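For the sequence shown, numbering that gives the first Met the number 0 gives the first residue as 0, with consecutive numbering after it. Glycine included, each C-beta is placed from N, C-alpha and C at the ideal position. Please read these numbers as outputs of a predicted model, since none were measured by experiment. The next block holds one structure in the form of structure tokens; read it before the comments.
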Amino acid sequence: MHNAALAVRGIEARYARFHIRPDELAPALGLLPALGFIGVNLTVPYKLAALASMHEIDAAAQRLGAINTVIVRDAQLVGANTDGDGISGAIRAEFGRSLGELRVLLLGAGGGAGRAIAMQCAAERCPELRLANRTFAKAEALCAELSAMPSANVIAAVPWNEDELGAASATSDLIINATSIGLRATDPPVLPRSMLRAGQWVYDTIYNPTRTPLLLEAEAAGARAANGLSMLLFQGARSFEHWFGAPAPVSAMRDALALMS
Ligand code: ATR
0 MHNAALAVRG
10 IEARYARFHI
20 RPDELAPALG
30 LLPALGFIGV
40 NLTVPYKLAA
50 LASMHEIDAA
60 AQRLGAINTV
70 IVRDAQLVGA
80 NTDGDGISGA
90 IRAEFGRSLG
100 ELRVLLLGAG
110 GGAGRAIAMQ
120 CAAERCPELR
130 LANRTFAKAE
140 ALCAELSAMP
150 SANVIAAVPW
160 NEDELGAASA
170 TSDLIINATS
180 IGLRATDPPV
190 LPRSMLRAGQ
200 WVYDTIYNPT
210 RTPLLLEAEA
220 AGARAANGLS
230 MLLFQGARSF
240 EHWFGAPAPV
250 SAMRDALALM
260 S
């Protein structure tokens, strides 16, 4: 995705993978300016650990307590988080709606991706935001944290049982799966078809497999369904914008991702 973007923009740089062990993270980040890096992406488990090596941390990364993008600026390291932009752009591109106009049910609010999505929903003032998580205490803690944000609308924690999930789904426009259920072909759908309906939007942050059991159930129920590839695309596009201070060539990046999947 990024190499396609660099080629389209005629930027002489490469996006590459580096194997960094936990004890190498801080020294590796420290070397970035001297080695001529423009920036890097980081993923689990380094999203939190890298915070300590940053000279500056942007507002989104501060809110989330995690970074996925580092920008090298004037030999200093700036930590950013583009995961929220990822879900926001994905919902707009897939369903033609902005998060701020949808009643959202988020499944898996306790994980890292769930936290980023919940924060973005609250920041965009979703009219209603329901946070469901198997470990209920995590949903409750996040609910309390978000409710304290000045932008907060109706935010509620939902216990992980059939009755509560069914009731929450019935009054939601958009359901987002941020659990890891669906990564394995043998996984059950996170929600059964009986809890989904036509006119609803269902977004699964999983993109491999491309059609999870949840998305298949959603389609069977007449709902519109989309997988997490677009979230990957838009968080990447936002990272590109951080690095180069110019709009990302989204369609070239999308084509590159489509070839991969
Ligand atoms: P991360 O995104 O930080 O890597 P994770 O450990 O992969 O997080 O888990 C992602 C989410 O999937 C969590 O919300 C997790 O629920 P818990 O907080 O209760 O652990 C959820 N999850 C994983 N397996 C699940 C299952 N079988 N049923 C329900 N939720 C599940």
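Checklist entry - In terms of alpha-carbon separation, which member of Y45, G181, T42 lies closest to D203? => result Distance from the Cα of D203 is smallest, within the candidate group Y45, G181, T42, for G181.
Next on the checklist: Rounded to the nearest angstrom, what separates G88 and F243 at their Cα positions?
Outcome noted: Straight across, the Cα-Cα distance linking G88 with F243 is about 19 Å.
Next on the checklist: Tell me the rounded alpha-carbon separation between F233 and I116.
Outcome noted: Rounded to whole angstroms, F233 to I116 spans 13 Å at the Cα level.
Next on the checklist: Is any non-hydrogen atom of the ligand ATR found closer than 6 Å to the C-beta of K137, if you look at the structure I gave you?
Outcome noted: Taking 6 Å as the cut-off, the C-beta of K137 counts as close to a heavy atom of the ligand ATR.
Checklist entry - So does the stretch 209-226 actually touch the stretch 65-82, counting three or more Cβ pairs closer than 8 Å? => result Counting Cβ pairs under 8 Å, fewer than three are found: no touch.
Next on the checklist: Rounding to the nearest angstrom, what Cα-Cα distance links D22 and G95 in this structure?
Outcome noted: If you draw a straight line from the Cα of D22 to the Cα of G95, it is about 44 Å long.
Checklist entry - Ordered along the chain, which non-local residues of its own chain (more than five positions away) have a Cβ less than 8 Å from that of A49? => result These residues qualify, in order along the chain: L24, L28, L41, I66, V69, G78.
Checklist entry - What do you get for M252, buried or exposed, if any count of 16 or more other CB atoms within 10 angstroms of its CB means buried? => result With a threshold of 16 other beta carbon atoms within 10 Å, M252 meets it and is buried.
Item to check | Reduced DSSP category for R237 - H, G, I as helix; E, B as strand; rest coil | outcome: Three-state result, R237: helix.
Next on the checklist: Counting beta carbon pairs with one atom in the stretch 189-199 and one in the stretch 159-170, are three or more of them shorter than 8 Å?
Outcome noted: With three or more CB-CB distances shorter than 8 Å, the stretch 159-170 counts as touching the stretch 189-199.
Next on the checklist: Assuming Y45 is part of the alpha helix (DSSP H), what are its boundary residues?
Outcome noted: Its alpha helix (DSSP H) spans residues 45-48.
Checklist entry - Which first and last residues belong to the alpha helix (DSSP H) in which I66 is found? => result Annotation for I66: no alpha helix (DSSP H) segment contains it, and DSSP assigns it neither H nor E.
Item to check | Contact shell at 7 Å, judged by CB to any heavy atom of the ligand ATR, ordered along the chain | outcome: A Cβ closer than 7 Å to some heavy atom of the ligand ATR marks a residue here, and those residues are V43, G107, A108, G109, G110, G111, A112, G113, N132, R133, T134, K137, W159, A177, T178, S179, I180.
Checklist entry - Going by Cα to Cα distance, which pick from I19, T185, P26 is closest to V43? => result V43 has its Cα closest to that of I19, out of I19, T185, P26.
Checklist entry - Which residue from S52, D82, V157 puts its Cα closest to that of A59? => result Out of S52, D82, V157, D82 has the C-alpha closest to the C-alpha of A59.
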